[in-house]
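For the sequence shown, this note's numbering begins at 216 and goes up steadily by one.
One structure below.
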Amino acid sequence: MKLTSDGAARTEEIGYELGKRLKAGDTVALFGDLGSGKTTLTRGIARAFGIARRDVTSASFTIIAEYPGDPPFFHIDLYRIENEEDLEGAGVWDCLGRNSVAVVEWAEKLGCGIKNCIRVEMTDAGDDRREISIEGLDEEDRNNL
Ligand SMILES: Nc1ncnc2c1ncn2[C@@H]1O[C@H](COP(=O)(O)OP(=O)(O)O)[C@@H](O)[C@H]1O
Ligand SMILES: [Mg+2]
């Protein structure tokens, strides 16, 4: 599914709609350059889990932000991860799957570890426009987004 956002607020709204369709165990893998809107989308997703938007930051030194809840929510930013060792060291694998929901920025850094996830690719289409492609949602969910 491909969507076009015309501003940060719309991207957050798309994130919220996506977030409402997630269930415990889901991982959302975000791909896209710096400034493409990954953190903005994550704010919307997090809102669907009752997390305040101001609590979701793009501080790149925070690799894993955990928000306790039912399900627990993880916002993972792999920008500074350089190799498999860094990934292991940060404890990223422990946050994915099971009974939590995880949103991962720079998901390409998970390497071949990304399976069974919802893939979101974000592209800057100039000014405030962003192309957002979402794959891996259940058929029924997708039709309603
Ligand atoms: N349609 C849009 N969607 C998301 N962000 C947008 C949009 N238009 C402009 N922006 C701006 O682009 C920047 C996106 O930043 P951010 O979400 O932190 O990106 P990333 O996490 O991918 O680096 C923000 O400054 C935001 O206000
Ligand atoms: Mg970011």
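The beta carbon of each residue, even a glycine, is placed where N, CA and C say it ideally should be.
Being a predicted model, the structure only gives us computed values, none of them experimental.
| Item | Value |
| --- | --- |
| Only counting the same chain, and skipping five residues up and downstream in sequence, which positions put a Cβ closer than 6 angstroms to that of Ala263? | Tyr231, Gly234, Lys235 |
| Name the DSSP beta bridge partners of Lys217, please? | Ser348 |
| Use the C-beta contact count for Thr255: other C-beta atoms within 10 angstroms, 16 or more gives buried, fewer gives exposed. | buried |
| Compute the distance between the beta-carbons of Leu245 and Val316, then report whether it is under 8 angstroms. | no |
| For Lys324 and Asp292, I'd like the C-alpha separation in whole angstroms. | 10 angstroms |
| With distances taken Cα to Cα, identify the nearest neighbour of Ala261 among Cys327, Ala274, Val243, Ser220. | Val243 |
| Check whether the Cβ atoms of Ile279 and Val318 sit closer than 8 angstroms, and answer yes or no. | no |
| From the DSSP output, read off the bridge partner residues of Val271. | None; Val271 has no bridge partner. |
| Extract the residue ranges of the alpha helix (DSSP H) inside the stretch 244-270, only unbroken runs of 4 or more that lie entirely within it. | 253-262 |
| Spatial neighbours of Gly247 within its chain, please: CB distance less than 7 angstroms, with the 5 preceding and 5 following residues excluded, ordered by chain position. | Lys253, Glu336, Met337, Thr338 |
| Give the C-beta separation of Ser220 and Ile347 to the nearest angstrom, bearing in mind that I take them to be a contact with Cβ-Cβ under 8 angstroms. | 6 angstroms |
| In the DSSP output, what is Glu323 paired with across the bridge? | Bridge partners of Glu323: none, in fact. |
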